[in-house]
Amino acid sequence: MAKNILICDDAAFMRMMIKDILTKNGYNVVGEAENGKIAVDKYAELTPDLVLLDITMPEMDGIGALKAIKEKDPNACVIMCSAMGQQAMVIEAIQSGAKDFIVKPFQAERVLEAVKKVIG
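Position one of the sequence shown corresponds to residue 10 (my numbering), numbered consecutively onward.
1) Is the segment 82-94 touching the segment 34-49, taking contact as three or more C-beta pairs under 8 Å?
2) For Glu41, write down the residues that DSSP places opposite it in a beta bridge.
3) Provide the residue span of the beta strand (DSSP E) that contains Asp63, from first to last.
4) Is it true that the CB of Leu59 sits closer than 8 Å to the CB of Val112?
5) Taking Ile72 as the reference, give the member of Lys126, Ala21, Val49 and Leu55 with the closest Cα.
6) Put Phe22 into one of helix, strand or coil per three-state DSSP.
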């Protein structure tokens with residue numbers, strides 16, 4: 010059975026890129042969100058196996074969305090994505106329950122490696 014993934018990034022082309030990598034490798038992208046607030050709502054609605062969550066977004070950032078998702082579902086699997094290699098944000102994301110961290114620009118192999126590690 011294909012694993013269901015929710016992609017959250019404020020940049021449409023980033024969502025498209027990630028979706029392309031995942032669908033070509035047998036994953037099912039069940040939803041997309043352009044900010045953290047929408048991601049939290051879609052998580053509740055879709056209950057995906059995994060969320061790929063950008064950190065820097067309008068409305069609600071990825072760290073806020075991660076905390077809100079984990080509050081609703083402590084077993085949620087979330088991988089954070091960010092262009093900024095800001096150590097403090099990576100640490101906060103991991104401490105808040107993120108399972109892994111991917112740095113932009115994405116390499117398909119790295120995205121797939123993180124997804125496989127987290128949900129198989």
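Each residue gets a CB set at the ideal place from its N, CA and C atoms; glycine is no exception.
The structure presented is a predicted model; accordingly, all values stated were derived computationally and were not measured.
Quick answer:
1) Per the Cβ contact rule, the segment 82-94 is not in contact with the segment 34-49 (fewer than 3 Cβ pairs under 8 Å).
2) Residue pairing by DSSP places Glu41 opposite Ile16 in a beta bridge.
3) Looking at the DSSP string, the run of the beta strand (DSSP E) that includes Asp63 is Leu59 to Asp63.
4) No, they are not a contact pair.
5) Residue Val49 holds the alpha-carbon nearest to the alpha-carbon of Ile72 among Lys126, Ala21, Val49 and Leu55.
6) DSSP places Phe22 in the helix class (H, G or I) of the three-state scheme.
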